[in-house]
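A short worksheet on the structure shown next.
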Amino acid sequence: MSGEGGETGEGGIGTGGGGGRSVVAGSGGGLPANLLPPPPPPADASADGCQPADDEDIIPLQIFVPELVVQKCFNVGRDELIWDIKQTILSSLPKELKESFNYGLYCPPVNGKSGKFLDEERPVSDYPLMDPVAYLELRYKRRVYRMVNVDEKQIKQLHTRANLRRLLDSVSSGNVEKVNKLCTRGLDPNFHDPDSGETPLTLAATLKSPGKLVIALINGGALVDYRTKDGRTALHRAVEKNNLEALKTMLDLGASPNYRDSKGLTPLYYTITHGADVQLAEMLLHDHGAIGATDPQGWQEVHQACKHGLVKHLDQLLYYGADINARNASGNTPLHVCAVNDQEDCLKCLLKRGADTQALNYANQTPYQVAVIAGNHKLADMINNHKSEHVGEFISSKGRVAFEEAPSYNPRRRVSAVGAVLSSTVSDSRLCTSRTASAALGSASREPSAAPSSSGRPPSRSPSNRSLPALSSDTLSTHSGSTFQDELAL
């Protein structure tokens with residue numbers, strides 16, 4: 001993202017004219033979007049630094065932040081994800097926004113279309129931003145009401161502590177009927193339990209047989225990427241609780257498998273660190289889950305799988321294109337991690353798939369040397385005695401071992417933004433935006449990515465961001481009468 005323009009005050013800022021009526025609930029959002037002041041004319045936008053772009057791959061954005069009464073202009077790439085654009089905007093603000101991970105880019109009503117929060121894991125090009133300089137607002141995420149005649153006073157009076165507690169209790173007890181009634185009356189389900197920090201949807205994701213409850217909340221306006229107080233989405237909570245039904249329900253309703261927590265980690269990453277059933281990992285990968293999320297120490301999913309001895313998870317990651325020689329912040333590859341943690345099964349899997357036995361970490365140690373230092377002599381002997389002829393049969397042109405069959409992907413999810421550049425910028429001190437893209441659709445055979453360098457030396461003292469081209473995590477599955485689809489689909 002480039003080309004940030006100047007700032008202006010509140011005067012002349014507003015939405016496009018003539019839209020449908022949309023009211024954003026909660027703080028700073030009780031005013032119907034179509035009652036805000038009209039948008040500035042193009043000349044004013046240009047004067048503030050917002051210029052229509054000559055390059056068709058660049059989209060100029062005019063961003064208004066109501067809480068700070070600040071307007072800024074940005075030029076963004078067509079394939080940039082909404083999440084990454086949001087991080088750049090947050091880092092440019094004169095004042096830090098509390099709980100910034102729950103702010104979203106809001107497209108106000110325009111030309112008869114209702115307002116909506118843009119899905120964070122979609123590229124900006126997925127949205128028909130028609131004006132020469134598109135206008136968006138950075139708002140705290142709240143329910144967007146679609147009712148024709150919205151009584152704002154009644155909606156405000158509905159949001160009492162007693163009613164919010166009533167909704168939480170109804171979710172906890174699995175009372176779908178009460179949840180439906182409260183949401184139908186207009187209650188916004190995007191709020192936090194003051195005691196636990198959970199949201200109604202994240203709470204539902206931890207329960208047994210939560211499918212109908214999850215559907216009721218999402219149809220009632222719950223945003224799937226609205227996070228708990230500590231920054232986790234309902235998908236992260238479902239994985240933590242090994243809740244296959246909750247995860248499947250949200251994915252079937254169109255939720256992205258790649259929503260990130262406050263540290264930039266995905267639900268797929270959680271399947272490894274929380275030891276969830278491999279079925280959950282397979283489901284996320286099948287739905288174009290991105291591989292290569294990185295923690296502050298540069299550990300990716302493959303490193304964590306090797307550390308914890310999750311050989312089935314490791315095999316799935318490699319099958320879907322994970323970098324078999326990915327390096328963490330210490331330069332250690334998955335083979336190094338197996339060697340130091342005495343994980344024999346994972347080490348066998350890596351050797352079979354052609355992992356580089358001569359790769360050096362930043363201490364100039366091979367996996368063999370690391371195993372000797374750690375006292376894991378059996379693994380050291382396995383590495384030392386490994387020969388190229390022991391590698392599996394399907395050898396690619398890169399020297400890696402390919403899988404005989406291509407991985408299976410959900411055909412209902414549209415693939416977009418292929419080849420998008422990985423963002424590795426930390427824009428907000430509380431958020432890690434490093435991410436790698438998911439594996440692209442394979443050909444007749446599939447190989448673990450990234451062949452080792454001829455010298456075996458790591459390229460630099462930084463986590464590897466090498467991965468296959470990016471895939472968008474979006475395309476909503478059809479769900480009859482779904483409010484969620486109305487709010488996120490174009």
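Residues in the sequence shown are numbered from 1 upward in steps of one, following UniProt numbering. No residue lacks a Cβ here, since even glycine has one placed at the ideal position from N, Cα and C.
For residue i, count neighbouring Cβ atoms within 10 angstroms of its own Cβ and tell me buried if that reaches 16, exposed if not.
{"i": "glutamate 198", "result": "buried"}
{"i": "glycine 115", "result": "buried"}
{"i": "glycine 112", "result": "exposed"}
{"i": "aspartate 55", "result": "exposed"}
{"i": "arginine 161", "result": "exposed"}
{"i": "threonine 88", "result": "buried"}
{"i": "arginine 165", "result": "exposed"}
{"i": "threonine 184", "result": "exposed"}
{"i": "arginine 412", "result": "exposed"}
{"i": "lysine 141", "result": "buried"}
{"i": "glutamate 80", "result": "buried"}
{"i": "asparagine 364", "result": "exposed"}
{"i": "lysine 208", "result": "exposed"}
{"i": "proline 296", "result": "exposed"}
{"i": "serine 170", "result": "buried"}
{"i": "lysine 72", "result": "buried"}
{"i": "aspartate 151", "result": "exposed"}
{"i": "aspartate 84", "result": "buried"}
{"i": "aspartate 315", "result": "buried"}
Closer than 7 angstroms by C-beta to residue i: which residues in its own chain qualify, once you throw out the five before and the five after it? Chain order, please.
{"i": "histidine 274", "result": "Val239 and Glu240"}
{"i": "lysine 348", "result": "none"}
{"i": "leucine 317", "result": "Ile291, Glu301, Val302 and Ala305"}
{"i": "proline 52", "result": "Pro60, Pro132 and Val133"}
{"i": "alanine 255", "result": "Val224 and Leu235"}
{"i": "residue 492", "result": "Here the chain covers residues 1 to 490 and nothing more, so residue 492 does not appear."}
{"i": "tryptophan 299", "result": "Asn328"}
{"i": "glycine 174", "result": "Leu207 and Leu213"}
{"i": "valine 124", "result": "Ile59, Val76, Arg78, Glu80, Ile82 and Ile85"}
{"i": "leucine 167", "result": "Val179, Leu182, Leu187, Pro189 and Pro200"}
When DSSP builds the beta bridges, which residues end up paired with residue i?
{"i": "glutamate 137", "result": "Phe64 and Tyr106"}
{"i": "lysine 116", "result": "Cys107"}
{"i": "leucine 81", "result": "Pro123"}
{"i": "valine 76", "result": "Ile59"}
With residue i and residue j assumed to form a contact (beta carbons below 8 angstroms), what rounded beta-carbon distance in angstroms separates them?
{"i": "leucine 213", "j": "alanine 204", "result": "5 angstroms"}
{"i": "leucine 310", "j": "leucine 284", "result": "At roughly 14 angstroms, the Cβ-Cβ gap does not stay under 8 angstroms, so leucine 310 and leucine 284 are not in contact."}
{"i": "leucine 158", "j": "leucine 187", "result": "6 angstroms"}
{"i": "asparagine 376", "j": "aspartate 345", "result": "The Cβ separation is near 13 angstroms, so there is no contact."}
{"i": "valine 70", "j": "proline 94", "result": "7 angstroms"}
{"i": "asparagine 325", "j": "alanine 355", "result": "6 angstroms"}
{"i": "alanine 246", "j": "proline 210", "result": "5 angstroms"}
{"i": "asparagine 180", "j": "glycine 220", "result": "7 angstroms"}
{"i": "alanine 281", "j": "histidine 313", "result": "5 angstroms"}
{"i": "arginine 237", "j": "threonine 202", "result": "4 angstroms"}
Under 6 angstroms Cβ to Cβ from residue i, same chain only, skipping five residues before and after it: list those, please.
{"i": "valine 65", "result": "Leu138"}
{"i": "lysine 229", "result": "His192 and Gly197"}
{"i": "valine 372", "result": "Ala380"}
{"i": "histidine 336", "result": "Asn361, Pro367 and Val370"}
{"i": "serine 46", "result": "For serine 46, the predicted structure reports a pLDDT of 44, less than 50, and the residue's modelled location is therefore unreliable. A value from the coordinates is still provided. No residues qualify anywhere along the chain."}
{"i": "arginine 232", "result": "Asp261"}
{"i": "leucine 251", "result": "Asp287"}
{"i": "alanine 227", "result": "Position check: residue 227 holds arginine in this sequence, whereas alanine was assumed. The answer, listed in chain order, is Phe101, Asn102 and Thr233."}
{"i": "alanine 374", "result": "Val340"}
{"i": "arginine 435", "result": "Note that arginine 435 scores 33 on pLDDT, short of 50, meaning its location in the model is unreliable and no value can be drawn from it."}
{"i": "isoleucine 155", "result": "Gly186"}
Excluding the 5 residues preceding and the 5 following residue i in the sequence, name in chain order all residues of the same chain whose CB lies nearer than 8 angstroms to its CB.
{"i": "tyrosine 368", "result": "Ala339, Thr357, Ala380, Ile383 and Asn384"}
{"i": "lysine 86", "result": "Tyr103, Gly104, Leu105, Glu120 and Leu138"}
{"i": "serine 408", "result": "His286"}
{"i": "glutamine 279", "result": "Leu244"}
Legend entry - Uninterrupted alpha helix (DSSP H) stretches inside the segment 256 to 318 (no shorter than 4 residues): 267 to 273, 278 to 286 and 301 to 308
Inset, instruction - Could you name each continuous alpha helix (DSSP H) segment of 4 residues or more that falls completely within the segment 140 to 194, going from the start of the chain to the end? - result: Listed in chain order, the complete alpha helix (DSSP H) runs (minimum 4 residues) inside the segment 140 to 194 are 152 to 158, 161 to 172 and 176 to 185.
Legend entry - alpha helix (DSSP H) runs contained entirely in the UniProt repeat "ANK" (330 to 362), provided each spans 4 or more residues: Whole alpha helix (DSSP H) segments, 4+ residues: 334 to 341 and 344 to 352.
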